[in-house]
Ligand SMILES: Cc1cc2nc3c(=O)[nH]c(=O)nc-3n(C[C@H](O)[C@H](O)[C@H](O)COP(=O)(O)OP(=O)(O)OC[C@H]3O[C@@H](n4cnc5c(N)ncnc54)[C@H](O)[C@@H]3O)c2cc1C
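Numbering (the numbering used here), first residue to last: 2 to 424.
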């Protein structure tokens, strides 16, 4: 049995450990933080992600901490409805699309790893670099108490996130990440369920600002309230790329003065937030390789992308399955397994990451704003015919690996692959 180390106990590292365990391999995981806490806000797990969790035998547990997505509705800057589509099984997919708190999902995966693999996670162990010889990889660790150590494994899967130390060593000449000019405010608010508690709303004129709102937990602490996740994107100042940066939403709230949605007061939602984080959208140039000998990158370490549409976590889930399939096919040749995984995944994921820098299906809000000159409309069919909007959505779903059941991915309006700038 191959002796593998995983760097990082984020969702990607934990999922890889669970996939390895399914195939009889017991890895060791090195994680820099001394304790895993439920950090982050909401993520939108599309049907392909739910399918991965189902395949890992985690569907019931996942359901117990998440919310079934039924409807996805798009509104302009006045709260007029532009388009609506069904989600997940309600659209005819085999699996549900679900909304979940990122930190709760990570802890679910962590508990599954401890239950199934035992004590394989070394917490408080930061990987600072690696060296290779013909027998494997030496990982250099720095422990919380300042102690350093070198450990040896036959192969290493690095899932150490957007600021990956392994990626930095593997690609010392990689272009510096660049601020896009767009800032995200991400928050959660407790409030009574809206529209029955299963709807995601996409709101606003992207020239001004965009907002996405969805529930990530029902009946929080028996209060009958939903925990609502919301994200606002607009132009902002450059800040560090840190998921835990606290933000102030005060200046952004007036951008939503015109929005009137009958079932949702979005300004109140922002005012009532229990936590708000700031996150700058940073462009990471796509890598031209994920493999260095017996070391491979996976998840955000391989393909940091804008956190839009839940694609970061969903693609990490697929990475985990694919890398393990190739390791099982070549148990004596991890380098070959990693090269095949790179060939299978890198171009596909780089294309998705590139698209996430554009607008994806959110482009329909910009089309409507452009065609109405930012004014309210009388009849949406005269502005954005249903067939045109359907075409945009069909193409998007096909691109991210989940073609819409019963819909042709025909060409109508293309996605903009350029930067989705606001204001
Ligand atoms: C604190 C936090 C909050 C987040 N919140 C959100 C959110 O609200 N919404 C969203 O869409 N995405 C969020 N993300 C990103 C999201 O988790 C990822 O896009 C996706 O799940 C893929 O996960 P990953 O495991 O590749 O990366 P990550 O989730 O970033 O996990 C990487 C892990 O590696 C560890 N690590 C980093 N460097 C080292 C090192 N040198 N040695 C050992 N361990 C190391 C980190 O502590 C972390 O646990 C967040 C990430 C973090 C770390």
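Backbone N, C-alpha and C fix where the C-beta goes; we use that ideal spot for every residue, glycine too. Quick caveat: nothing in here was measured; it's all calculated off a predicted structure.
- Task: Please determine if the segment 348–359 and the segment 190–204 are in contact, where contact requires at least 3 C-beta pairs separated by less than 8 Å.
- Result: no
- Message: Taking the alpha-carbon of residue 325 as reference, which of 310, 297, 304 and 306 has the nearest alpha-carbon?
- Response: 297
- Message: Taking 7 Å as the limit between beta carbons, can you name the residues of its chain near residue 4, skipping five residues before and five after?
- Response: 154 and 155
- Message: Determine, for residue 387, whether the minimum Cβ-Cβ distance to residues of chain B falls below 8 Å.
- Response: Going by chain labels, chain B is absent from the structure shown, which holds only one protein chain.
- Item | residue 183 burial status per 10 Å Cβ neighbour count (16 or more: buried) | buried
- Task: Using 10 angstroms around the beta-carbon of residue 261, count the other beta-carbons present and answer buried if the total reaches 16, otherwise exposed.
- Result: exposed
- Where does residue 287 fall in DSSP's three states? coil
- Message: Using the three-state DSSP reduction, which class does residue 43 fall into: helix, strand or coil?
- Response: strand
- Taking only runs of the alpha helix (DSSP H) that begin and end inside the segment 236–272, which ones reach a length of at least 4 residues, in chain order? 267–272
- Item | Closest by C-alpha distance to residue 121, when choosing among 206, 378, 8 and 51 | 8
- Message: Using only the alpha-carbon positions, how far apart do residue 288 and residue 270 sit?
- Response: 39 Å
- Item | Cβ contact check for the segment 299–307 and the segment 325–336: 3 or more pairs under 8 Å | no
- Return yes when the C-beta of residue 128 is under 7 Å from any heavy atom of ligand 1, and no when it is not. yes
- Ranges of the beta strand (DSSP E) found wholly within the segment 8–80, counting only runs of at least 3: 29–31, 43–46, 67–69 and 72–76
- Message: Using CA atoms only, rank isn't needed, just tell me which of 60, 10, 76 and 46 is closest to residue 267.
- Response: 76
- Query: Considering only C-alpha positions, which residue in the set 365, 272 and 317 is nearest to residue 186?
  - Reply: 272
- Message: Check whether the segment 126–133 and the segment 159–173 are in contact - that is, three or more C-beta pairs closer than 8 Å.
- Response: yes
- Query: To which residues of the same chain is residue 11 closer than 7 Å at the C-beta, ignoring the five residues directly before and after it?
  - Reply: 107, 160, 162 and 300
- Message: Could you check whether the Cβ of residue 291 sits closer than 7 Å to any heavy atom belonging to ligand 1?
- Response: no
- Item | Whole-angstrom distance between residue 249 and residue 215, CA atom to CA atom | 20 Å
- Tell me whether the beta-carbon of residue 472 lies closer than 8 Å to the beta-carbon of residue 46. Because the chain in this structure spans residues 2 to 424, residue 472 falls outside the shown range and cannot be described.
- Message: What ranges does the alpha helix (DSSP H) occupy inside the segment 112–174, keeping only unbroken runs of at least 4 residues that lie completely in it?
- Response: 166–171
- Pick from 140, 188, 179 and 145 that is closest to residue 170, judged by C-alpha positions: When each option's Cα is compared against that of residue 170, the closest is 140.
- Item | Local Cβ density within 10 Å of residue 24, reported as buried at 16 or more and exposed below that | exposed
- Are the CB atoms of residue 211 and residue 253 nearer to each other than 8 Å? no
- Item | For residue 188: DSSP bridge partner residues | 231 and 277
- Just tell me which of 65, 83, 18 and 240 has its CA closest to the CA of residue 378. 83
- Query: By DSSP, does residue 214 sit in helix, in strand, or in coil?
  - Reply: Note: residue 214 maps to strand in three-state DSSP.
- From this set, 114, 360, 275 and 136, which residue's C-alpha is nearest residue 29's C-alpha? Measuring C-alpha to C-alpha distances from residue 29 to each of 114, 360, 275 and 136 identifies 114 as the nearest.
- Message: With a threshold of 7 Å on Cβ separation, who are the neighbours of residue 290 within its own chain once the five nearest residues in sequence on each side are excluded?
- Response: Sequence-distant partners of residue 290 (beyond 5 residues in either direction) whose C-beta falls short of 7 Å from its own C-beta, in its chain, are 343.
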